[in-house]
Amino acid sequence: MNVYDKANELLQAIKQSSEYKNMEEAQKQLSEKPEHMQMVKDFMKTQINIQSMTMLKQDIDDDTKEAFNLLYTSVMNIENCRKFLDAQNIYGRMIQDIYKTISEVSDLMGDMFKDILPNL
């Protein structure tokens with residue numbers, strides 16, 4: 002068995018999956034409305050900033066929270082934006098599951114170094 006051939010098979014399986022096709026279609030529909038695409042980008046940027054601040058244990062001011070909530074409501078009330086974010090979420094979960102499966106092999110050396118790198 003050639004690992005690289007299997008990786009290419011996985012690539013093709015992903016491209017043929019409903020998760021990928023739905024994501025591709027949702028992205029196409031979203032790109033037809035540049036103002037909606039920009040709203041989604043702004044939403045995602047704000048979401049990432051808030052997540053980063055949360056991870057760094059930084060305070061998030063009320064204005065930022067309120068602006069994010071308004072943006073969230075606006076984005077979710079637009080069908081093609083909502084479909085894109087839903088499709089992205091489902092596709093992302095599939096990719097995370099695949100990474101998790103692949104990472105099981107990465108644990109091979111973890112035991113070897115656990116005494117010097119306890120977080121492995």
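Heads up: the sequence shown runs through residues 2 to 121, numbered per the numbering used here. Backbone N, C-alpha and C define an ideal beta-carbon position, used for all residues, glycine too. Since we're looking at a predicted model, the values are computed, not measured.
Separation of residue j from residue i, as counted between CA atoms
| i | j | result |
| --- | --- | --- |
| I96 | M45 | 18 Å |
| T55 | F114 | 31 Å |
| K58 | K16 | 38 Å |
| E33 | A8 | 33 Å |
| E105 | L86 | 29 Å |
| N78 | S107 | 42 Å |
| T65 | S18 | 37 Å |
Integer Cβ distance of residue i from residue j, believed to fall under 8 Å
| i | j | result |
| --- | --- | --- |
| Y100 | E20 | Not a contact, Cβ separation roughly 14 Å. |
| V76 | V41 | 6 Å |
| I61 | I51 | 6 Å |
Classification of residue i by the beta-carbon crowding that lies within 10 angstroms, buried from 16 upward
| i | result |
| --- | --- |
| L12 | exposed |
| A68 | exposed |
| A88 | buried |
Neighbour flag for residue i against chain B, beta carbons, 9 Å
| i | result |
| --- | --- |
| T74 | Within the model displayed, chain B is absent; a lone protein chain is all it includes. |
Checklist entry - Is it a yes or a no for the segment 14–25 touching the segment 60–77, going by three-plus beta-carbon pairs under 8 Å? => result no
Checklist entry - Below 8 Å, can you find three or more Cβ-Cβ pairs linking the segment 77–86 to the segment 35–44? => result yes
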